[in-house]
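Be aware that the sequence shown starts at 0, since it is given in numbering that gives the first Met the number 0, and climbs by one per residue. Just so it is clear, CB atoms sit at the ideal spot from N, CA and C, and this is done for glycine as well. In this text the structure is predicted, and so the values were computed from the model without any measurement. Below is one structure; the comments refer to it alone.
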Amino acid sequence: MLYLTRHDLEHLLAIKEVIDVVREAFVELSTGKPAPCMPVRTALEGLPREGTPLFMPVYSPRLERFAVKVVSVFPRNFDLGLPTINSLILLFDAITGKPLAIMEGSYITALRTGAASAVATDTLARRDAEILSIIGAGVQGRAQLRCIVHVRRISEVRVYDALPGNAERFVEEMTPFLQSAPIKRGAPPVLRSTRTAEEAVEGADIIVTATTSKVPVLEWDWIKPGAHINAIGAFKPDMRELDSKTIANADKVIVDSRAAIMKEAGDLLIPLEEGTITEERIDAELGEVLSGLVRGRDTNGAITVFKTVGVALLDLAVADLVSRKATSSGVGTEVTL
Numbered sequence: 000m001l002y003l004t005r006h007d008l009e010h011l012l013a014i015k016e017v018i019d020v021v022r023e024a025f026v027e028l029s030t031g032k033p034a035p036c037m038p039v040r041t042a043l044e045g046l047p048r049e050g051t052p053l054f055m056p057v058y059s060p061r062l063e064r065f066a067v068k069v070v071s072v073f074p075r076n077f078d079l080g081l082p083t084i085n086s087l088i089l090l091f092d093a094i095t096g097k098p099l100a101i102m103e104g105s106y107i108t109a110l111r112t113g114a115a116s117a118v119a120t121d122t123l124a125r126r127d128a129e130i131l132s133i134i135g136a137g138v139q140g141r142a143q144l145r146c147i148v149h150v151r152r153i154s155e156v157r158v159y160d161a162l163p164g165n166a167e168r169f170v171e172e173m174t175p176f177l178q179s180a181p182i183k184r185g186a187p188p189v190l191r192s193t194r195t196a197e198e199a200v201e202g203a204d205i206i207v208t209a210t211t212s213k214v215p216v217l218e219w220d221w222i223k224p225g226a227h228i229n230a231i232g233a234f235k236p237d238m239r240e241l242d243s244k245t246i247a248n249a250d251k252v253i254v255d256s257r258a259a260i261m262k263e264a265g266d267l268l269i270p271l272e273e274g275t276i277t278e279e280r281i282d283a284e285l286g287e288v289l290s291g292l293v294r295g296r297d298t299n300g301a302i303t304v305f306k307t308v309g310v311a312l313l314d315l316a317v318a319d320l321v322s323r324k325a326t327s328s329g330v331g332t333e334v335t336l
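Quick look at the structure:
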């Protein structure tokens with residue numbers, strides 16, 4: 000069995016190929032025959048300091064692999080200078096049950112979430128979209144930027160965070176990355192922080208919400224016609240990033256998994272409980288759009304929303320990719336149980 004550290008993962012994984020396997024995983028999730036087995040994740044409640052451990056099992060007939068990801072989300076760790084997300088992924092051969100690898104999961108979690116937004120953006124955003132707004136300047140916000148620049152020629156990035164100094168640190172850390180990122184009109188994208196979320200969103204073509212907020216951080220009245228929204232942060236029924244008007248009025252609401260969304264996504268469950276929307280508000284899963292079963296963007300002026308709570312099949316797809324690359328290149332530490 001291979002043990003793969005974060006350093007190993009950073010060395011082995013190229014963003015473009017992660018986006019490609021995530022795209023394939025979305026199609027498998029929605030149209031795979033035989034279908035993958037992916038129970039809705041289990042969350043432990045009542046832990047100190049608002050901590051939430053999550054357990055995510057998944058089996059892919061296509062890949063002949065199964066995996067379990069354990070991830071702990073402790074948002075108040077920021078106060079202690081500690082990571083807010085810790086994770087491990089266990090990967091197994093589905094034919095023999097043999098354990099193949101154990102790997103650091105936080106890097107994969109961030110990268111596959113960024114790749115999910117990249118796939119959604121490539122599928123749903125306008126082809127000429129170039130202004131990117133990111134609300135939430137944490138690990139996920141950074142991964143979103145790293146991935147989205149691979150699918151659109153971004154000319155300007157605006158970032159906002161509710162915690163003082165976070166957005167400024169984001170700008171300082173990510174500016175060097177943008178110097179070598181895909182660019183538009185011969186100049187690196189301009190990256191700047193804003194004082195308010197509304198300022199970040201004004202006129203943006205692509206909007207990312209990457210927070211653990213329990214109140215909306217994005218309002219319908221701020222969104223310009225033709226914008227695309229990736230709502231990736233809220234993952235529990237009492238969390239939300241979008242106001243009810245955004246969910247109710249958007250031209251298309253596309254999700255990662257209907258089953259997971261209807262159990263965990265406060266962005267839809269709260270307006271559903273209010274009576275603002277019905278379950279029919281979900282237009283399609285992203286995999287259905289990718290497969291051509293459902294149309295995505297209808298017009299240049301349409302406002303589209305991609306809502307994800309995170310699905311384990313994406314983790315499995317990336318874990319399988321990195322495991323195969325590590326084996327072929329001799330990276331990682333062999334462990335005997």
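Cβ-based burial, residue i [other Cβ within 10 Å; buried from 16]
| i | result |
| --- | --- |
| Gln143 | buried |
| Lys68 | buried |
| Val214 | exposed |
| Gln178 | exposed |
| Asp92 | exposed |
| Val21 | buried |
| Leu79 | exposed |
| Pro33 | exposed |
| Glu63 | exposed |
| Leu265 | Note that residue 265 is Gly in the sequence shown here, rather than Leu. With 16 or more other Cβ atoms within 10 Å, it is buried. |
| Thr303 | buried |
| Val334 | exposed |
| Lys251 | buried |
| Phe25 | buried |
| Lys324 | buried |
| Phe169 | buried |
| Gly286 | buried |
| Ile153 | buried |
| Asp220 | exposed |
| Ser328 | exposed |
| Ile94 | exposed |
| Glu272 | exposed |
| Ala186 | exposed |
| Asp237 | exposed |
| Leu241 | buried |
| Phe77 | exposed |
| Glu27 | buried |
| Pro188 | buried |
| Arg126 | exposed |
Which of helix, strand or coil DSSP assigns to residue i
| i | result |
| --- | --- |
| Ser240 | Checking the sequence, you will find Glu at residue 240 rather than Ser. Reduced to three states, the DSSP call for Glu240 is coil. |
| Ala338 | Residue numbering for the chain in the displayed model covers 0 to 336; residue 338 lies beyond these limits and cannot be assessed. |
| Val17 | helix |
| Thr108 | helix |
| Leu12 | coil |
| Thr122 | helix |
| Thr332 | strand |
| Ile253 | strand |
| Ile231 | coil |
Supposed contact pair residue j and residue i - C-beta distance, whole angstroms, cut 8 Å
| i | j | result |
| --- | --- | --- |
| Leu190 | Met173 | 6 Å |
| Gly331 | Phe234 | With 8 Å as the limit, Gly331 and Phe234 do not qualify as a contact, their Cβ atoms being about 30 Å apart. |
| Val207 | Ile133 | 5 Å |
| Pro35 | Leu312 | 5 Å |
| Gln139 | Ile231 | 6 Å |
| Glu23 | Ala316 | 7 Å |
| Pro270 | Ser243 | 4 Å |
| Asp204 | Glu129 | 6 Å |
| Ala318 | Leu90 | 5 Å |
| His227 | Thr120 | 6 Å |
| Ser29 | Glu284 | 5 Å |
| Gly295 | Leu131 | Not a contact, Cβ separation roughly 19 Å. |
| Val158 | Ala180 | Going by Cβ atoms, the distance from Val158 to Ala180 rounds to 15 Å, so no, they are not a contact pair. |
| Ser290 | Leu99 | Actually they do not touch by this definition, with Cβ atoms about 29 Å apart. |
| Ala166 | Ala136 | 5 Å |
| Ala117 | Ile18 | 5 Å |
is_contact[residue i, chain B] using C-beta, thresh 9 Å
| i | result |
| --- | --- |
| Val216 | Checking the listed chains, one finds no chain B in this structure; it contains a single protein chain. |
Exercise. Which parts of the region 263-328 are runs of the alpha helix (DSSP H), unbroken and 4 residues or longer, counting only runs that do not cross its ends?
Worked result: Qualifying alpha helix (DSSP H) stretches, in chain order: 265-273, 285-289, 311-328.
Problem set entry | Length-filtered (3 minimum) beta strand (DSSP E) runs lying within the region 22-104 | 51-59, 64-72, 84-92, 98-103
Exercise. In chain order, which continuous runs of the beta strand (DSSP E) of length 3 or greater are located wholly inside the region 145-224?
Worked result: 155-159, 189-192, 205-208
Exercise. Contact between the region 37-44 and the region 73-81: three or more CB pairs below 8 Å?
Worked result: No, they do not touch.
Exercise. Do three or more CB pairs link the region 299-314 to the region 252-264 at distances below 8 Å?
Worked result: The region 299-314 vs the region 252-264: in contact.
Exercise. Contact between the region 109-126 and the region 142-159: three or more CB pairs below 8 Å?
Worked result: yes
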